[in-house]
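Since the structure comes first, as structure tokens, the remarks are kept for the end.
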Amino acid sequence: MCLGVPGRITEIIDPNKKLAIVDVSGVKRQVNIACIVDDQNPPESCVGNWVLIHVGFAMNRIDEREAAETLKLLEEIIIAQGTMSNYE
Amino acid sequence: MCLGVPGRITEIIDPNKKLAIVDVSGVKRQVNIACIVDDQNPPESCVGNWVLIHVGFAMNRIDEREAAETLKLLEEIIIAQGTMSNYE
Amino acid sequence: MRDLINDIFVSNFDNPILSQLEDQASFELSNLLQYGDRLAFTTDSYVIDPLFFPGGNIGTLAVNGTINDLAVSGAKPLYLTCSVILEEGLSISNLRKVAQSMQVAAQNAGVQIVTGDTKVVDKGTADKLFINTAGIGVIPTGINISAHNIQPGDVVIVNGELGNHGTAILIARGELALETNIESDCQPLHSLVEKILRVCPQVRAMRDATRGGLATVLNEFAVSSDVGIVIQEQSLPIQKKVRGVCEILGLDPLYLANEGKLLVTVPQDYAEKVILEMQSHPAGRDSCIIGHVTNSHPGIVLLKTIFGSERIVDMLVGSQLPRIC
Amino acid sequence: MRDLINDIFVSNFDNPILSQLEDQASFELSNLLQYGDRLAFTTDSYVIDPLFFPGGNIGTLAVNGTINDLAVSGAKPLYLTCSVILEEGLSISNLRKVAQSMQVAAQNAGVQIVTGDTKVVDKGTADKLFINTAGIGVIPTGINISAHNIQPGDVVIVNGELGNHGTAILIARGELALETNIESDCQPLHSLVEKILRVCPQVRAMRDATRGGLATVLNEFAVSSDVGIVIQEQSLPIQKKVRGVCEILGLDPLYLANEGKLLVTVPQDYAEKVILEMQSHPAGRDSCIIGHVTNSHPGIVLLKTIFGSERIVDMLVGSQLPRIC
Amino acid sequence: MKYIDEFREPQKAKALIQEITKLSDSYPLKIMEICGGHTHSIFKYGIGGILPHNIELIHGPGCPVCVIPKGRLDDAIYISQQPNVILATFGDPIRVPSSTVSLLQAKANGSDIRIVYSPLDSLKIAKDNPDKQVVFFVLGFETTGPSTAFTILQAATENIRNFSVFSNHVLVIPALQFLLKNPDFKIDGFIGPGHVSIVIGTKPYEFITQKYHKPIVISGFEPLDILQSIWMLIRQLAESRCEVENQYNRLVKPEGNKVSLKVMHQVFEVREKFEWRGLGEICNSGLKIRPEYAQFDAEVKFNLPNAKVADYKTCKCGEILKGVLKPWECKVFGTACTPENPIGACMVSSEGACAAYYKYGHFAKNFPKNTVEKSIVTA
Amino acid sequence: MKYIDEFREPQKAKALIQEITKLSDSYPLKIMEICGGHTHSIFKYGIGGILPHNIELIHGPGCPVCVIPKGRLDDAIYISQQPNVILATFGDPIRVPSSTVSLLQAKANGSDIRIVYSPLDSLKIAKDNPDKQVVFFVLGFETTGPSTAFTILQAATENIRNFSVFSNHVLVIPALQFLLKNPDFKIDGFIGPGHVSIVIGTKPYEFITQKYHKPIVISGFEPLDILQSIWMLIRQLAESRCEVENQYNRLVKPEGNKVSLKVMHQVFEVREKFEWRGLGEICNSGLKIRPEYAQFDAEVKFNLPNAKVADYKTCKCGEILKGVLKPWECKVFGTACTPENPIGACMVSSEGACAAYYKYGHFAKNFPKNTVEKSIVTA
Ligand code: SF4
Ligand code: SF4
Ligand SMILES: [Mg+2]
Ligand SMILES: [Mg+2]
Ligand SMILES: [Mg+2]
Ligand SMILES: [Mg+2]
Ligand SMILES: [Mg+2]
Ligand SMILES: [Mg+2]
Ligand SMILES: [Mg+2]
Ligand SMILES: [Mg+2]
Ligand SMILES: [Mg+2]
Ligand SMILES: [Mg+2]
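If you read the sequences in order, they're chains G, R, S, C, B and Z. For what it's worth, my numbering labels the leading residue of the first sequence as 1, then goes sequentially. For what it's worth, my numbering labels the leading residue of the second sequence as 1001, then goes sequentially. For what it's worth, my numbering labels the leading residue of the third sequence as 2001, then goes sequentially. For what it's worth, my numbering labels the leading residue of the fourth sequence as 3001, then goes sequentially. For what it's worth, my numbering labels the leading residue of the fifth sequence as 4001, then goes sequentially. For what it's worth, my numbering labels the leading residue of the sixth sequence as 5001, then goes sequentially.
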């Protein structure tokens, strides 16, 4: 359930209605960013953010650090496996 | 203006609404006969009548006698012309 | 979709070429050469409402109509395509009936439906079912039929009653609330043509008088060959009920559509032989001479009325509409 | 109507066969024999919405689509028909644009539109304009291409990026409010095919991957020849924006329509030569091997995913719809 | 076909021609057939061609399609373009250009326009489409008036609320008065409209004989009817008589049809004036739905633009209808003005004089194609 | 594509498989992915085929299209058949059969049904068609709920009166409770729904670990996400831990998304019970529009038939969703029940377990063609 796709916010088109443009791999669509704005994160601050889009709404920001860590962990496994296989 | 076609009333289908069926050369259509019925000529009496139909209404009965006379007159002209040409 | 195609079309039209299910049908050119030296190629789309009518349906029209467009060149019709555009919501049993009719019509005419296409469009973006057929036939060597070949002195022959198809459709539509049992004349004409050519390979022009009727074809003849054509009102075979409908609606039967009628012009010397030959064919029983070709008034078709006057029979402007005034 | 036909079609498609304006086109069989020994015959109806889209319009589709169905048999495409169904209210200038595009496409491909048909239907009973084209070509002697000929060991080649047409149309329709500049790949493939056959007359099967996309053609190949086909996900040429649209809408690019892509299977020994030859043609610049044929799992197409797993690529059930879940 | 075929017999036609020729030898005669139905028959049966050359037939203003002014067509198109409206009408007017498009083009643009054979069919459409407003756009002379009136009465009886009529009924007698008053108007006699006369009888024509001293013969529509009427007319002239004669007595009675007259007057009243294309405004020449039936009057139900639209200046219809000019004497005949793209009243229906000449005359082929470009596809 | 391609890298996949294989050697394991999105990814990327054989993936009830009961589809079709209604919905449910026809067939029969990508698109349709009633037929889990809620709030702000929502939103947690309560239900651990968890966070899953002592890992949807989650789950099992772990921490936060939760609760309330196809009625498992927004609630606006329609007896969906049976163990799998003519919940969307096996599994080709005859042409 719940197809989601990562995209980058490129533009705010209506701060009141919380409408922004996202870019997914060169394809643009209008999305609603209401779920990711609050007092700390006004609409304008979202430009450049990577978000997960579902049915035309930005669900959450993608945490770049966490994503990188997840991948780093996997890299480490590969390295560990490589090391181990050297031992074998 | 005012295309009219002769047809024969074959059936009364609704005496109140004054609807009848006419036959034109084997083609049947419902027509309204309000213009040709009155106290002397109730709907039922119209079956078998030849009428002139215009836009789905029977305009008048066709007077068979008058029609025959018109044609007779023309026949007579032919005969007269024939006689005359005999003289010529 | 694939199931629909298989179920309705492939199964009904079943033949070795179609069943290859390639993107194209193919057949040996050498086989074609046995029938003649030229290929004839034609197409028509069929958009009739209603789909079913007395005397046929859109499927029989689609097969016979294209066969006839081949036949009037003298060609032996051989292969047809069948492309359908289906409106969502079309009844599948009706579609099956149409496909079956197409196969029966094709079989009767000795042609094969060898390739096709199926498209489904949204409800409201087509009128139930449109069919396109394209056809291929081979023209026998020595036969040269063309609307450009007509010569003064030729006679004009028709193979039977005019206007039955157009009238049947008008009535089947039900909008004008007319009732009578007129049947469409939908029929294939290639075997009639074969008979004609047997006794008269010198046929000048031949055309099936479909949309636009007799008047349209005669005008095409007159213009293409730059000749005058004179037809006799009293010779025109028109059945009583068709006349009745025309009188009621103010229509001219010369412009009514036919789906199994052809007009053929032949040199005068052949007229009698051709008529006799035509009358011996079921599709030509009521064949008759309806007019002749003249070198006066080139490009113009004249009708000699029953009481001796004449008038121009012109091309139709737009389609014929019921008149009241 | 006659004016419309003359103005729009006869004038644009102008050629000696069409201008006869007979009910059928005709041409010498002997002229056909110079190209090969078999006739190829095909038809398709085109019902695209919108009529105009980036990279083409319904007219270019109608010409190139039918050329391609001929080309994939190895045939030299020669003659086309053009049947149009017009919805009342269609803009005549748009119709003229379409006809002009058809003529340009035909001329570019060296084919002639030799006969046609025009029907007008009531507003609301067609979607602006439907076109049917049927086509004739001649298959060179010795060439025998068929979906039934594929053998284990063969390789599967495609001539470039997948899914551009389907995506361009989806976006042009505007309903999903996506914006990007993807162009349809609409193009004729016969000259590419000619090049392929020059270096590899042994081509087994060839088909243009139109509606239903790559997946559909590969399944047809696998079933027709009763072989297994394995394709490599990492080899599939799919442009970034098409991938973007697929990710957003949950679509599978393997099923997206193309209008200028063909899949060809050749014996392994010829693969390299064929690829090089294809890459030297403008319509084949991005040609690549995407898979091979095996005798395990006959009738089944497998995709090797990027990280080494595999899955079945089945026929599509119905048409592909945007997913959310 | 009974009452048709007998009146198309060639032998009798020949006899009549012979009589006509005999009688008309010395006269150059101008005879006007008032009714478009007669014009249609005359061309369809080539009657002009078999009459002696000294008899010239002038085609009168009796085609309701020809004479409807552009402004009224504009109104009909306006109605058809309102939301949820079905406009029903006869086949005849749908190709006639208004000042913008024809009804056919409006239909191609999306208006729901239905062709009916009878006014009652339009009422049925209303009953079948209760969520639509159905407007019957009617044109016609006295012949058609009673049918429209009966239909409105039936709608009233059945209380059909989504039905109305856009009346463009016109009257023959005021048009004749208008023509006859004109000093240019030089006609030797009239062929009177047979079907109109079924309704109104023969008496209303007496002013023609009494005030203007022109003979008139009420005529049927078959070719023999017309020939016989011409013969009767010439006989009057030859005998210096000037009467209202009735050739069509198999259908026309002196008093007309009382039921029809009654119902027509019950539902309609005479307009003070009504515009005729080619002729201009004519007093008392149109029929309007009475206030009692206002709920069935489209002119009340819809807020119509009701604009006056001038006829083209180049158009010679007025002169043609008066018999002063022949169609080919109009500069644009067959060039800018053709049945496909008519400019004037006389070209719009096949009963118009210009259209009839274009279609059946020998002139059709000699004119260049009309180059007026349509922007959309129509049927 | 950023955040996509990195999570599909084959080298990392191999490494994970190696780790998983190492750890799971001795266990026969049953792991349930709750979410249909995971099921989809698993089949699309062939993950089942690269996992060690002792790991069996059970496909849970997390496909909103699969679990919508027939009666609710009947209601949607009923709405679409009302006059002047446009029914807007996502692409997913339109082929699902109700007890009569599918939405696709209803469309073919004349219903105006539009496929939208976003609830906001359906609101736009309402604004563009002021003379129509536009109903958004929505199904979805907590992921989609906030979007629907925002759309209703916007309709309220803009006072759009011709817009309503037919809510079939369902909740994951009550469904899991329902499954776990069942004594048949024998699963070693869960892959938790990543996108639902963006909204609800990780805490609501704690009852699984605390009450039922099953580990769970909230997972992303890319193949590496899923493999990593399986690895994390097996590691918990190997280390005898039992925790709610979060593999998808680039998007899922423990507390969820507060804005989304707030707006969802503002607009929706929990239904006492809601029927799930294949499972039956589940307490507190559906979302209903609150009375404050009743004017946007299609269940209030329309008088729905609201009939209960029993699942087919032969259908084993319940057992399949519980992991007791595999699709091919159902008698009608691939014969009477196919994606083209599905009988049960698990065959209706490509995320259903049966559909996924039919489409991507190795079983598809071995079954005879479905012979259920459709009576009309559909797209
Ligand atoms: S030709 Fe046309 S413009 Fe001229 S008088 Fe006739 S109708 Fe009028
Ligand atoms: S195959 Fe069909 S009927 Fe059987 S369990 Fe799956 S969905 Fe239910
Ligand atoms: Mg043709
Ligand atoms: Mg034809
Ligand atoms: Mg023809
Ligand atoms: Mg095709
Ligand atoms: Mg329809
Ligand atoms: Mg094809
Ligand atoms: Mg094709
Ligand atoms: Mg193809
Ligand atoms: Mg044609
Ligand atoms: Mg349309």
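Every residue gets a Cβ at the ideal spot worked out from N, C-alpha and C, and that includes glycine.
Proximity winner among the options, relative to residue i (alpha-carbon distances)
i                  : options                                    : result
Gly5256 of chain Z : G:Arg65, G:Cys35, G:Leu3, G:Asp39          : G:Cys35
Ser2011 of chain S : S:Leu2178, S:Val2120, S:Tyr2079, S:Gly2116 : S:Gly2116
Lys4326 of chain B : B:Pro4339, B:Ala4356, B:Tyr4312            : B:Ala4356
Gly3174 of chain C : G:Lys28, G:Gly7, G:Trp50, G:Lys18          : G:Lys28
Val2114 of chain S : S:Gln2020, S:Tyr2046, S:Asp2127            : S:Gln2020
Phe2053 of chain S : S:Leu2095, S:Leu2032, S:Leu2090, S:Ala2168 : S:Ala2168
His3148 of chain C : C:Asn3219, C:Gln3034, C:Lys3128, C:Asp3252 : C:Asn3219
Asp4131 of chain B : B:Asn4182, B:Tyr4117, B:Phe4163            : B:Phe4163
Gly2090 of chain S : S:Gln2103, S:Lys2119, S:Phe2041, S:Ile2017 : The question names Gly, but residue 2090 of chain S in the sequence shown is Leu. Cα-wise, what sits closest to Leu2090 of chain S is S:Lys2119.
Leu5224 of chain Z : Z:Ile5031, Z:Leu5051, Z:Tyr5027            : Z:Leu5051
Val2104 of chain S : S:Asn2068, S:Gly2056, S:Ile2136, S:Thr2141 : S:Gly2056
Heavy atom of ligand 2 within 7 Å of residue i beta-carbon
i                  : result
Ala5149 of chain Z : no
Ala5345 of chain Z : yes
Residue i CB to nearest heavy atom of ligand 9 below 7 Å
i                  : result
Thr3115 of chain C : no
Thr2118 of chain S : no
Asp3069 of chain C : yes
Any non-hydrogen atom of ligand 11 closer than 7 Å to residue i Cβ
i                  : result
Asp2044 of chain S : yes
Residue i beta carbon near ligand 5 (any heavy atom closer than 7 Å)
i                  : result
Arg2207 of chain S : yes
Thr2210 of chain S : yes
Proximity test, residue i beta-carbon vs ligand 1 heavy atom, cut-off 7 Å
i                  : result
Val4332 of chain B : yes
Check: residue i C-beta below 7 Å from any heavy atom of ligand 10
i                  : result
Asp2023 of chain S : yes
Residue i: CB within 7 Å of a non-hydrogen atom of ligand 4
i                  : result
Gly2135 of chain S : no
Anticipated Cβ contact below 8 Å, residue i with residue j, distance rounded
i                  : j                  : result
Ser2191 of chain S : Ser3083 of chain C : Their Cβ separation, rounded to whole angstroms, is 26 Å, which puts Ser2191 of chain S and Ser3083 of chain C out of contact at 8 Å.
Glu4033 of chain B : Ile4191 of chain B : 4 Å
Gly4049 of chain B : Leu4057 of chain B : No, Gly4049 of chain B and Leu4057 of chain B are not in contact; Cβ-Cβ is about 11 Å, not under 8 Å.
Under 8 Å (Cβ pairs) to chain G, residues found in the region 5117-5139 of chain Z: The residues in question are Tyr5117, Ser5118, Pro5119, Leu5120, Asp5121.
When the Cβ atoms of the region 3317-3324 of chain C are set against those of the region 4015-4028 of chain B, are three or more pairs found closer than 8 Å? No: fewer than three Cβ pairs fall under 8 Å.
Members of the region 2230-2245 of chain S that neighbour chain R once the beta carbon cut-off is set at 7 Å: Listed by position, the residues of the region 2230-2245 of chain S near chain R (Cβ gap below 7 Å) are Lys2240, Lys2241, Arg2243, Gly2244, Val2245.
Could you tell me whether the region 3017-3029 of chain C touches the region 2068-2080 of chain S, where touching means 3 or more Cβ pairs closer than 8 Å? Result yes; three or more Cβ-Cβ pairs closer than 8 Å.
Could you run through the region 2167-2192 of chain S and flag, in chain order, every residue whose CB is less than 7 Å away from some CB of chain R? Under the 7 Å Cβ criterion, the region 2167-2192 of chain S contributes Ala2177, Leu2178, Glu2179, Thr2180.
Looking at C-beta atoms only, is the number of pairs between the region 3106-3120 of chain C and the region 3151-3167 of chain C that lie closer than 8 Å three or more? Output reads no: the region 3151-3167 of chain C does not touch the region 3106-3120 of chain C.
At a Cβ cut of 8 Å, what residues of the region 4084-4097 of chain B count as close to chain S, listed as they run along the chain? So the list reads Phe4090, Gly4091, Asp4092, Ile4094, Arg4095, given in the order they occur along the chain.
Chain B contacts made by the region 1011-1044 of chain R, where a contact means CB separation under 7 Å: Within the region 1011-1044 of chain R, the qualifying residues are Ser1025, Asn1032, Ala1034, Cys1035, Asp1038.
Residues within the region 3095-3121 of chain C neighbouring chain S, beta-carbon criterion of under 9 Å: Listed in sequence order: Val3114, Thr3115, Gly3116, Asp3117, Thr3118, Lys3119, Val3120, Val3121.
Within 7 Å of chain Z by C-beta, residues of the region 2302-2321 of chain S in sequence order: The region 2302-2321 of chain S vs chain Z, Cβ under 7 Å: nothing.
By the 8 Å beta-carbon criterion, what residues does the region 3246-3267 of chain C contribute toward chain S? Per Cβ criterion, the list is empty.
Examine the Cβ distances between the region 4297-4310 of chain B and the region 4326-4340 of chain B and report whether three or more of them are shorter than 8 Å. At 8 Å Cβ cutoff, the stretches do not touch.
For the 8 Å Cβ check, are there 3 or more pairs between the region 4172-4191 of chain B and the region 4153-4161 of chain B? Segments in contact, no.
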